[in-house]
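Just so we're aligned, residue 238 is where the sequence shown starts under my numbering, counting upward by one.
Just so it is clear, CB atoms sit at the ideal spot from N, CA and C, and this is done for glycine as well.
Scroll down for the structure; my scribbles are underneath it.
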Amino acid sequence: QVQLVESGGGLVQPGGSLRLSCGASGSMFSMYTMGWYRQAPGKERDLVAVITSGASTNYADSVKGRFTISRDNARKMAFLQMNSLIPEDTAVYYCYCRTAWGLEYWGKGTLVTVSS
């Protein structure tokens, strides 16, 4: 069982920045694939960014060049740096983990609101 806890959401003006953090339990964190998904009101949950155990990254087209995913294996944490935020980025952001055995876990989510 892996527990994920997100933090860092909040209200930000368009053009601003936020950094989301995700802390994970478990002793095999360095082997996990970590990711961030988001779900806007009335919409499906979509992939934002993912980082593998080898630090390869992949991003949704809508956030390329603005968001950066990273990880700190020693601290068992994943991060999402979000820059140049736009109102369309407003959503609940969920931390995601897939273990080496294919088990998937989700955090409870953190709300990001981009509004003036």
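C-beta atoms of Arg271 and Ala337 nearer than 7 angstroms: The sequence given here places Met at residue 271; Arg does not occur at that position. Cβ atoms of Met271 and Ala337: not closer than 7 angstroms.
Whether Tyr274 touches Tyr342 by CB criterion (7 angstroms): no
Nearest candidate by alpha-carbon position, reference Lys280, set Gln238, Ala311, Ala328, Val349: Ala328
One or two residues paired with Ala297 in a DSSP bridge: For Ala297, which the question treats as bridged, DSSP gives no partner whatsoever.
Three-way DSSP call (helix, strand, coil) for Glu325 in this model: helix
Ala297 to Val285 span [Cα, whole Å]: 5 angstroms
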